[in-house]
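Before any comments, here is the structure.
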Amino acid sequence: MSLLELNGVKVHFPVKKGVLFDRTVGHVYAVDGVSLSVEPGRTYGLVGESGCGKTTLGRAILRLVDITDGEVVFDGTDLAKLPDEEMRRYRRRLQMVFQDPLGSLNPRQNIESILTEGMVAHGIGAGQEERREKIRQILARVGLPANALSRYPHEFSGGQRQRIGIARALVLEPDVIICDEPVSALDVSIQAQVINLLEELQESMGLTYVVIAHDLAVVRHISDVVGVMYLGALVEEAPSDLLYTEPRHPYTRALMSAVPVPDPVVEDGRERILLTGDLPSPANPPTGCRFHTRCPWKQDRLCDTDRPELRDLGGGHRVACHWAEEIAEGKIQPTANAAHLVPAPRKEHPAETAD
Ligand SMILES: Nc1ncnc2c1ncn2[C@@H]1O[C@H](COP(=O)(O)OP(=O)(O)OP(=O)(O)O)[C@@H](O)[C@H]1O
Ligand code: SF4
Ligand SMILES: [Mg+2]
1 MSLLELNGVK VHFPVKKGVL FDRTVGHVYA VDGVSLSVEP GRTYGLVGES GCGKTTLGRA
61 ILRLVDITDG EVVFDGTDLA KLPDEEMRRY RRRLQMVFQD PLGSLNPRQN IESILTEGMV
121 AHGIGAGQEE RREKIRQILA RVGLPANALS RYPHEFSGGQ RQRIGIARAL VLEPDVIICD
181 EPVSALDVSI QAQVINLLEE LQESMGLTYV VIAHDLAVVR HISDVVGVMY LGALVEEAPS
241 DLLYTEPRHP YTRALMSAVP VPDPVVEDGR ERILLTGDLP SPANPPTGCR FHTRCPWKQD
301 RLCDTDRPEL RDLGGGHRVA CHWAEEIAEG KIQPTANAAH LVPAPRKEHP AETAD
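Under UniProt numbering, the sequence shown has 164 at position 164, and the numbering climbs by one with no breaks.
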């Protein structure tokens, strides 16, 4: 059974105008109907361009933003409808780790005080000594020295600060951790260490993760299932390896085609899809399929009139495209917008030119 299940979650931010009377003149459809489920002990990776609603969705799960519609069912309870008082009891079990470790740690508090704060608020530990002991254990688990307790955030490196952010979540003994771009602010060499740490902790503590990242490589490495978001909605979802070997949504194919492949022969021969045009505004999303303004396979029928549902293709693969099968079978070729599709540059291999 899923530990976390989202059903049709929407977060619409009102756009206000006027000085005296706050008139609502429209909405930003930041999250607009997301359904997904996360199994206990597993990792769900969420990818998509900047502004597609990843952070807002993460915050909605923790109810840090108002949910306009839909259900956030955690361990059998719909958090979206819980009164604030009851929600407080659940908050400990769902924690968030942020992209910017320095910005999310109070520079005037030492590490002990930062880590103790949440424990006191949630009644963890009988007294200061018991809490300190628990903090020491957690610091050791995340690879920080015990003398970190009396030090301040600025005394640590970026990678260490992210470990502090992870420790702050762990002392509360959560079931689910939402990691929002957990390594984006770190040097590449440090990124792998933090990702490995998250994986170790998951294994030893049975944690469930939602990992948000724009870096496809990070998400692939850590996730069991990956969901691709575009303008507030999921366009595709699949077990991690399947998504990367058989992307079925044109947007996912475009995202994948932008990632370099280390093998030069594969790199030479693969398709590159350049998306033209900017990401449309979530305050005024396109009709029908939200991707139709940029999709090289757009058809005259359905694409700009009917919003595609996320359909099950079997094997845990879901896709929101009217024409996914026809595109995969080659029955539909890229349309007049074919300028979006750039043929792979053909390099001459020595074997072919030597004569
Ligand atoms: N409190 C808010 N009020 C109004 N609009 C908001 C608010 N928070 C986010 N938005 C808008 O909602 C949309 C989604 O934002 P969000 O931060 O969730 O995207 P994201 O996918 O996390 O982007 P990034 O990769 O840049 O972090 C954006 O257009 C953003 O401007
Ligand atoms: S529904 Fe149409 S516009 Fe949308 S992704 Fe599929 S082919 Fe492209
Ligand atoms: Mg974000």
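Glycine included, C-beta positions come from ideal geometry on N, C-alpha and C.
These figures come from a predicted structure and were not determined experimentally.
Does the Cβ of P334 lie closer than 7 Å to at least one heavy atom of ligand 2? Outside the cutoff, so no.
Backbone secondary structure at V142 - three-state DSSP: In the structure shown, V142 sits in coil (DSSP, three-state: anything other than H, G, I, E or B).
Is the distance from the Cβ of V226 to the Cβ of V219 below 8 Å? yes
Contact set for H154: own chain, Cβ-Cβ below 8 Å, skip 5 residues either direction: So the list reads L102, P107, once near-sequence residues are dropped.
Mapping DSSP to helix, strand and coil, what is L20? coil
What does a CB cutoff of less than 8 Å around residue 376 pick up in its chain, not counting 5 residues either side in sequence? Absent from the structure is residue 376, since the part of the chain shown begins at 1 and ends at 355.
In terms of alpha-carbon separation, which member of T208, L216, S157 lies closest to E39? Out of T208, L216, S157, T208 has the C-alpha closest to the C-alpha of E39.
Might you give, ordered along the chain, the residues of its own chain that have their beta carbon closer than 6 Å to the beta carbon of H12, omitting 5 neighbours on each side? H27, Y29, T68
Please find out if some non-hydrogen atom of ligand 1 comes closer than 7 Å to the beta-carbon of G33. No, the Cβ of G33 stays beyond 7 Å of every heavy atom of ligand 1.
Ends of the beta strand (DSSP E) at Y209? 208 to 212
With respect to 7 Å, is the separation between the Cβ of E49 and the closest non-hydrogen atom of ligand 3 below this value? no
Name the residue from S35, M96, Y90 whose alpha carbon lies nearest to the alpha carbon of G70. S35
Whole-angstrom C-beta distance between G143 and A163, which should lie under 8 Å: Looking at the sequence shown, residue 163 is not Ala but Arg. Sure, about 6 Å apart at Cβ, within 8 Å.
Start-to-end residues for the alpha helix (DSSP H) that takes in V176: Where V176 is concerned, there is no enclosing alpha helix (DSSP H), although the beta strand (DSSP E) it sits in stretches over 176 to 180.
Quick one: Cα of L105 to Cα of L94, how far? 18 Å
If you drop the 5 nearest sequence neighbours on each side, which residues of the same chain put their C-beta closer than 6 Å to that of A170? Here residue 170 turns out to be Leu, not Ala, going by the sequence shown. Result list for L170: I138, in chain order.
Bridge partners - P14, DSSP secondary structure assignment: H27
So, under 8 Å CB-CB, I111 and A148 are touching, yes? Tell me the CB distance rounded to an integer number of Å. 5 Å
Quick check on this structure: which residue in H249, L274, H322 has the alpha carbon closest to the alpha carbon of C303? H322
Contact under 8 Å by Cβ, E271 with P260: no
Do V210 and L46 have their beta-carbon atoms positioned less than 8 Å apart in this structure? yes
Taking all protein chains shown into account, do 16 or more other C-beta atoms lie within 10 angstroms of the C-beta of D180, making it buried, or fewer, making it exposed? buried
Could you tell me which residues DSSP pairs with Q128 in its beta bridges? DSSP lists no partner for Q128.
Measure the C-alpha to C-alpha separation of V97 and G165 and round it to an integer number of angstroms. 6 Å
Where does the unbroken alpha helix (DSSP H) through Q191 begin, and where does it stop? 188 to 205
G53: CB within 7 Å of a non-hydrogen atom of ligand 1: Judged by the Cβ position, G53 qualifies as a neighbour of ligand 1 at the 7 Å threshold, a heavy atom of the ligand being closer than this.
State yes or no: is the C-beta of K298 nearer than 7 Å to some heavy atom of ligand 2? yes
DSSP-derived helix/strand/coil call for R346: Here R346 scores only 49 on pLDDT, less than 50, and its place in the model should not be relied on; the value that follows carries that caveat. Of the three classes helix, strand and coil, the one that applies to R346 here is coil, per DSSP.
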